[in-house]
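Residue numbers (the working numbering): 986 to 1442.
Step one of this worksheet: look at the structure below.
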Ligand code: PLP
């Protein structure tokens, strides 16, 4: 199962140093030691290259983030220009910088309705952690310090700080601690795996009733916020039943609970809109957490965008705002974000995704004729292939079959990077894919899944 063994010397050296010293994020550290790693070394448009010069379609957009693709000289120049002028300065207290203030104003313009205030961080976990800290602080300041519980969902992925791993569903918690006492988990809106004999409408009614029962059981006055990704990403690209967002939002309004939309993956074009919660699903959250596509990965950056109502309370005189990071408002990261958004707007990338996204979906759905493919699901450039042992019963293959990993390895041999997650393979490519490239990716996936079926015989 070795991914790449024949490294050139420099890649071999990189791997030796890696094996001895580097702790990989979200990985099997034991398997890496045994199997080696691919050393990534170059990029170009929608492709990445390893250190041996092999070229791959980047089917995962870096990690759901390289929305405008690689090699964008304009972004690189904006970063370099900013580094020359002012590489860094703190924004604590009364200090600011031009890129951060301009990006905050731009995000306030793009975000729905009353979302006009922006807190910058360095990534999606920080964006969600900040969202919850701000909500808690809001309730402390209006004299309701007991309002602390957060409703989240099984299969959610909101990050891996002590707090955000708790917001993340229990799947990623085994063997690790987190602030789980703050969180109440609801069911994932996972229609494909809903109980047999239950209609999609019946399933939606169940989910909504479950949420209302939970609010009443916890006591509405103890619940601070509900956090939800518009489409669950790392939990399996779960698209909720039609109407789910509207009805969960209405419940939040009914009980005075803040709605936090985790748009770390879904914002900045991935689903064909700047912000999917509002533009695609028709709700106006109280907070949007964003990261990844905000800078297309050219710099680490996140933005937690909050409503006028929350800002008005937390900015009242009488208490300090004890929340912030050295690299909040990093000038070079904000310069990258500004240029990235300029490109998304100028090249009409959202409109383009609304045309090419459905072609990507259709191309992947064609794979459903293969025996191994239980379901292809997702929307636009956020897709997932679920493998099953039996299409009818939806039974899974044994974990030792490593089906997602095998498919990913077979894809990589054929020039495509996809992300394995258990029985799933996730695709979240750059949004600039051409139709011919989409077709080629579809063909590679078909060959690779067929090869995996042969491997498993
Ligand atoms: N929220 C969602 C929906 C994500 O998919 C991720 C990461 O994939 C995060 C939050 C955490 O972001 P980060 O890894 O940048 O901390």
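C-beta: ideal position from N, C-alpha, C; glycine also.
Could you check where the beta strand (DSSP E) with residue 1163 kicks off and where it finishes?
For this step, residue 1163 is matched to residue 178 along the chain shown. Looking at the DSSP string, residue 1163 is not in any beta strand (DSSP E), and its letter there is neither H nor E.
DSSP state of residue 986 mapped onto helix, strand, coil
Position 1 of the chain shown holds residue 986. Caution applies to residue 986, whose pLDDT of 32 falls short of 50 and renders its modelled position unreliable; the value that the coordinates give is listed next. Of the three classes helix, strand and coil, the one that applies to residue 986 here is coil, per DSSP.
Are the beta-carbon atoms belonging to residue 1245 and residue 1116 less than 9 Å from one another?
Working through the chain shown from its first residue, we reach residue 1245 at position 260. Working through the chain shown from its first residue, we reach residue 1116 at position 131. Yes, Cβ-Cβ distance for residue 1245 and residue 1116 is below 9 Å.
In DSSP terms, what residue 1135 is bridged to:
Taking the chain shown and counting its residues from 1, one reaches residue 1135 at position 150. Residue 1135 pairs with 1168 and 1210.
Can you name, in chain order, every residue of its own chain whose Cβ lies under 6 Å from the Cβ of residue 1120, other than the five neighbours on each side?
Working through the chain shown from its first residue, we reach residue 1120 at position 135. If we look at residue 1120 and ignore the five residues flanking it on each side, its Cβ neighbours are 1209, 1210 and 1243.
Compute the Euclidean distance between the alpha carbons of residue 1052 and residue 1322, then round it to the nearest angstrom.
Numbered from 1 along the chain shown, position 67 holds the residue referred to as residue 1052. Numbered from 1 along the chain shown, position 337 holds the residue referred to as residue 1322. Spanning the two alpha carbons is a distance of roughly 12 Å.
In whole angstroms, what is the alpha-carbon distance linking residue 1296 and residue 1431?
Walking along the chain shown from the start, residue 1296 turns up at place 311. Walking along the chain shown from the start, residue 1431 turns up at place 446. As the crow flies, the alpha-carbon of residue 1296 is around 50 Å from that of residue 1431.
State yes or no: is the C-beta of residue 1113 nearer than 8 Å to some heavy atom of the ligand PLP?
Against the chain shown, residue 1113 aligns to sequence position 128. Under cutoff, so the answer is yes.
If you check the beta carbons only, do residue 1376 and residue 1178 fall under 9 Å apart?
To locate residue 1376, count along the chain shown from 1; it is residue 391. To locate residue 1178, count along the chain shown from 1; it is residue 193. No, the pair does not count as a contact, with Cβ atoms beyond the cut-off.
Proximal residues to residue 1285 (C-beta, below 7 Å), its chain only, five neighbours per side dropped:
Locating residue 1285 in the chain shown gives position 300, where the first residue counts as 1. Only 1107, 1108 and 1318 meet the Cβ criterion.
Would you report the Cα separation of residue 1086 and residue 1437, rounded to the nearest angstrom?
Within the chain shown, residue 1086 is the residue found at index 101, counting from 1. Within the chain shown, residue 1437 is the residue found at index 452, counting from 1. Looking at the two C-alpha atoms, the distance is approximately 50 Å.
At which residues does the alpha helix (DSSP H) containing residue 1411 begin and terminate?
Residue 1411 sits at position 426 when you count from the first residue of the chain shown. Note, residue 1411: premise wrong, no alpha helix (DSSP H); beta strand (DSSP E) at 1409-1412.
Specify, as a first and last residue, the run of the alpha helix (DSSP H) that residue 1352 falls within.
The count along the chain shown starts at 1 and reaches residue 1352 at position 367. First-last for residue 1352: undefined, no H or E at that position.
Contact check, residue 1024 vs residue 999 under 8 Å by CB: the rounded distance?
Sequence index remark: in the chain shown, residue 1024 carries index 39 (1-based). Sequence index remark: in the chain shown, residue 999 carries index 14 (1-based). Yes, residue 1024 and residue 999 are in contact; Cβ-Cβ is about 5 Å, under 8 Å.
Assigned secondary structure, residue 1446 (DSSP; H/G/I helix, E/B strand, else coil):
Coverage of the chain is limited to positions 986 through 1442, which leaves residue 1446 absent and any answer about it impossible.
Residue 1309 in three-state terms, based on DSSP:
Sequence index remark: in the chain shown, residue 1309 carries index 324 (1-based). Note: residue 1309 maps to coil in three-state DSSP.
Residue 990 to residue 1019 span [Cα, whole Å]
For the purposes of this step, residue 990 is taken as residue 5 along the chain shown, with counting starting at 1. For the purposes of this step, residue 1019 is taken as residue 34 along the chain shown, with counting starting at 1. Low confidence applies here, because residue 990 scores a pLDDT of 40, under 50, leaving its location unreliable; read the following figure in that light. C-alpha separation (whole angstroms): 11 Å.
Which class does residue 1360 belong to by DSSP, given the choice of helix, strand or coil?
Counting from one through the chain shown, the residue named residue 1360 turns up at place 375. Strand at residue 1360.
Would DSSP call residue 946 helix, strand or coil?
Not covered by the structure: residue 946. The range shown for the chain is 986 to 1442.
Chain-order list of residues whose beta-carbon lies under 8 Å from that of residue 1154 (same chain, five-residue window excluded)
Along the chain shown, read from residue 1 onward, the residue named residue 1154 stands at position 169. Only 1137, 1138, 1139, 1140, 1141, 1142, 1170, 1173 and 1220 meet the Cβ criterion.
For my contact list, residue 1348 and residue 1423 are in at a C-beta cut-off of 8 Å; report their separation, rounded to the angstrom.
Residue mapping note: residue 1348 aligns to position 363 of the chain shown, counting from 1. Residue mapping note: residue 1423 aligns to position 438 of the chain shown, counting from 1. Contact holds; Cβ gap of about 5 Å.
Classify residue 1404 as helix, strand or coil using the three-state DSSP reduction.
Here the question's residue 1404 lines up with position 419 in the chain shown. In the three-state reduction of the DSSP assignment, residue 1404 falls in the strand class, which pools E and B.
Check the C-beta distance from residue 1279 over to residue 1253 and give it rounded, since I have them as a contact under 8 Å.
Here residue 1279 refers to the residue found at position 294 of the chain shown. Here residue 1253 refers to the residue found at position 268 of the chain shown. Contact holds; Cβ gap of about 6 Å.
Cβ neighbour criterion (16 or more within 10 Å) applied to residue 986
Along the chain shown, one-based indexing puts residue 986 at 1. Interpretation of residue 986 is limited by its pLDDT of 32, a score under 50 that renders its predicted location unreliable; the figure taken from the coordinates is listed afterwards. Flag for residue 986 reads exposed.
May I ask whether a heavy atom of the ligand ADP can be found less than 8 Å away from the beta carbon of residue 1276?
Among the ligands modelled here, namely the ligand PLP, the ligand ADP does not occur.
Unbroken alpha helix (DSSP H) runs of length 4 or more, entirely within the region 1364-1399: which are they?
1388-1398
For residue 1164, which residues of its own chain have a beta-carbon under 7 Å away from its beta-carbon, when the five flanking residues on both sides are left out?
Mapped onto the chain shown, residue 1164 falls at position 179. Closer than 7 Å at Cβ, skipping near neighbours: 1147, 1148 and 1151.
Using 8 Å for Cβ pairs, my map puts residue 1456 next to residue 1196. What's the rounded Cβ distance?
Because the chain here runs from 986 to 1442, residue 1456 falls outside it and cannot be looked at.
Using the DSSP secondary-structure output, state which residues sit across from residue 1223 in a beta bridge.
Here residue 1223 refers to the residue found at position 238 when the chain shown is read from its first residue. In DSSP, residue 1223 forms a bridge with 1217.
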